[in-house]
Each structure stands twice: as structure tokens, then as C-alpha cells.
Amino acid sequence: MATVVKVIEIIAESAESWEAATKAAVAEAAKSVHNIQNVYIESMKAIVEGNQIVRYRVDTKITFIVEH
């Protein structure tokens, strides 16, 4: 039997770092899907206010195996 995978897109952010934003994206995905295999960071963006970075944002693609 072939393995079926799905990909979902999640945008997440953190005040700490891009790594923390990525972990937040995976944690959010894990609330509704299982068997997460990998996360691909499609883009990274920093939100700036008053000449300071205040938020780190990532646009991710998260791949998981579909259970039969």
C-alpha cells in the first residue's frame, strides 16, 4: 500500500525568534494532525516597530502522513 502524505500551510509568530515561531507552527499543527514528518520554512519576516524587531513570523509548510 502506498503512503499518502498531506501538506498544510501555517503562519506563526513569536516575540522571541524564528525558531520559536517555527516551533509554534508545529505545535499548532500537532493539535489537529498526527504523524508530522517535516516542516519547510517557505518565508521568514520580522515585524519592526520603533526601529526594533518586535515579532518574528514564519510561513511554513508542514507535511504529515495520512492514516488509513
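If you number the sequence shown the way this note's numbering does, the last residue is 58 and the count never jumps. Note that beta-carbon positions come from the ideal geometry of N, C-alpha and C, so glycine has one too. Since the model is a prediction, treat every value here as computed from it, not as a measurement.
Rounded to whole angstroms, the separation of the alpha carbons of residue 47 and residue 40 is 18 angstroms.
Your pair residue -1 and residue 50 checks out as a contact, with CB atoms roughly 7 angstroms apart and the cut at 8 angstroms. Taking C-beta atoms as the reference points, residue 14 and residue 32 fail to come closer than 9 angstroms. Cβ atoms of residue 16 and residue 55 stay farther apart than 8 angstroms, at about 15 angstroms. Where residue 21 is concerned, there is no enclosing beta strand (DSSP E), because DSSP gives it neither an H nor an E.
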